[in-house]
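Here the structure comes first, spelled out in structure tokens, and everything after it is commentary.
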């Protein structure tokens with residue numbers, strides 16, 4: 023089964039992101055707007071119990087963090103995905119690193135560029151059309167994230183929550 | 023903001039339900055297959071913190087329960103919704119009652135008929151066409167549910183998870 027760990031921003035940010043995802047992101051109906059903290063990985067139902075325990079141990083060591091988006095950016099030409107850029111604070115990078123230290127990582131070792139996708143799977147000319155428009159909308163939000171969610175994927179591609187974890191670490 | 027509390031069945035049951043929801047349930051893309059345990063209610067962001075605490079206290083007193091579906095049934099003529107009928111065990115009824123005792127309930131005081139919807143929002147003739155077919159597929163599943171999820175609804179109608187709660191009560 024496929025799993026992943028994400029943070030969901032506030033309803034306000036999700037509604038704003040969805041107003042664009044609706045048109046430009048074919049994953050719109052599969053998952054609500056999110057920032058991935060540990061990328062998609064494969065695990066079976068026994069492994070996931072151990073992984074969930076390990077995740078619980080990691081989040082215990084981390085306190086709630088600030089999710090600050092600064093602008094609309096794009097991964098082109100690597101992929102034609104457009105996103106709200108999330109500031110890669112030390113807290114967030116360290117949380118990501120500790121979650122990856124659990125193992126079960128995607129083989130592609132991309133650098134971690136925290137983001138909230140709002141458009142993807144376009145061809146280059148669509149991308150080049152839309153990107154300047156989306157860039158202009160801006161995306162300046164700042165909020166506290168106090169929990170992460172471990173999700174799993176159904177056969178139709180949609181994501182269901184398995185468990186939430188509070189970032190309960192002391193200062 | 024709108025909230026609700028649900029249990030998600032296993033991936034196997036969700037995939038099976040989705041194979042029908044895809045065609046017959048316009049809520050297909052808004053939420054994955056689920057059994058509602060506390061119906062949709064309105065609360066603001068301050069209220070929900072207190073409610074979540076109360077839910078945590080309730081689930082602490084309940085142990086994991088058996089979700090047993092027995093057949094495909096319909097709410098017609100009340101609403102044209104078709105569903106997997108879930109056995110209303112004492113544990114499940116008591117869990118529902120304790121969650122409703124928290125308050126913040128839908129004003130319509132329907133009796134609690136636990137179910138997993140697979141088709142809805144049809145007109146009567148569509149319903150009468152489809153129901154005999156769906157009845158034949160049967161729906162005999164039995165599994166353990168060890169957690170509940172508190173969800174909230176975005177402006178576009180989709181549901182995001184707020185928190186999961188383990189049914190950790192002793193025997």
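Residue numbers (our numbering), protein chains in the order written: chain A, 23 to 193; chain B, 23 to 193.
Every residue, glycine too, gets a C-beta built ideally from N, C-alpha and C.
Treat the numbers as computed from the prediction; the structure is a model and nothing was measured.
Can you list, in chain order, the stretches of the alpha helix (DSSP H) that have 4 or more residues and sit fully within the region 74-126 of chain B? 112-123
Opposite residue 45 of chain A in the DSSP bridges: which residues? Paired residues: none, contrary to the question.
DSSP-derived helix/strand/coil call for residue 50 of chain A: coil
Helix, strand or coil at residue 156 of chain B [DSSP, three-state]: In the structure shown, residue 156 of chain B falls within a helical segment according to DSSP collapsed to helix, strand and coil.
Flag this pair as touching only if the region 68-87 of chain A and the region 47-56 of chain A have three or more C-beta atom pairs under 8 angstroms; answer yes or no. no
Listed by chain order, chain B residues near residue 72 of chain A by CB distance under 7 angstroms: Simply none; closest approach about 16 angstroms.
Return the residues of the region 25-43 of chain B that lie within a Cβ-Cβ distance of less than 8 angstroms from chain A, sorted by chain order. 30, 33, 36, 37, 40
Is the beta carbon of residue 85 of chain A sitting closer than 8 angstroms to the one on residue 107 of chain A? No, Cβ-Cβ distance for residue 85 of chain A and residue 107 of chain A is not below 8 angstroms.
Report yes if the CB atom of residue 144 of chain B is closer than 8 angstroms to the CB atom of residue 102 of chain B, and no otherwise. yes
Reduced DSSP category for residue 39 of chain B - H, G, I as helix; E, B as strand; rest coil: helix
Please decide whether residue 174 of chain A counts as near chain B, where near means a Cβ-Cβ distance under 8 angstroms. yes
Taking 8 angstroms as the CB-CB cut-off, is residue 57 of chain A touching chain B? no
Which residues bound the beta strand (DSSP E) around residue 59 of chain B? Per DSSP, the continuous beta strand (DSSP E) segment holding residue 59 of chain B begins and ends at 57-64.
If I follow the unbroken beta strand (DSSP E) through residue 187 of chain A, where does it start and stop? 181-188
Name the chain B residues that come within less than 7 angstroms of residue 180 of chain A, Cβ to Cβ? 54
Could you tell me the distance, in whole angstroms, from the CA atom of residue 65 of chain B to the CA atom of residue 77 of chain B? 14 angstroms
Check the Cβ-Cβ distances between residue 171 of chain A and every residue of chain B, and say whether any is below 8 angstroms. Judged by the 8 angstroms Cβ criterion, residue 171 of chain A is in contact with chain B.
Pairwise C-alpha distance: residue 148 of chain B and residue 29 of chain A: Cα to Cα, the separation comes out at about 40 angstroms.
Cα separation between residue 98 of chain B and residue 58 of chain B? Cα-Cα distance, rounded: 19 angstroms.
Where residue 143 of chain A falls: helix, strand or coil (DSSP): If DSSP states are grouped into helix, strand and coil, residue 143 of chain A belongs with coil.
For the candidate residues B:34, B:63, B:62, whose alpha-carbon lies nearest to that of residue 67 of chain A? The residue with the shortest Cα to Cα distance from residue 67 of chain A is B:34.
Cross-chain neighbours of residue 75 of chain B in chain A, by beta carbon under 8 angstroms: Per Cβ cutoff of 8 angstroms: no residues; residue 75 of chain B is ~12 angstroms from chain A at best.
Contacts around residue 110 of chain A, its chain only, beta-carbon distance under 8 angstroms, and the 5 residues preceding and following it disregarded: 134, 135, 136
Rounded to whole angstroms, what's the CA-CA distance from residue 82 of chain A to residue 189 of chain A? Just pull it up for me. 6 angstroms
Give me the Cβ distance between residue 174 of chain B and residue 25 of chain B, rounded to the nearest whole Å; I'm assuming they're in contact under 8 angstroms. 5 angstroms
Pick out whichever of B:172, B:182, B:183, B:166 has its Cα sitting closest to the Cα of residue 31 of chain B. If you compare the alpha carbons of B:172, B:182, B:183, B:166 with that of residue 31 of chain B, the shortest gap goes to B:166.
Look up residue 170 of chain A in the DSSP assignment and give the residues it is bridged to. A:187
So which residues of chain B does residue 177 of chain A contact, with C-beta pairs closer than 9 angstroms? 33, 36, 37, 40, 41
Cβ closer than 9 angstroms: which chain B residues qualify as neighbours of residue 51 of chain A? 50, 51, 52, 180
Could you pull out every residue in the same chain whose Cβ sits closer than 7 angstroms to the Cβ of residue 183 of chain A, ignoring the five residues on either side in sequence? Spatial neighbours of residue 183 of chain A in its own chain (CB-CB distance under 7 angstroms, excluding positions within 5 residues in sequence) are listed in chain order as 171, 173.
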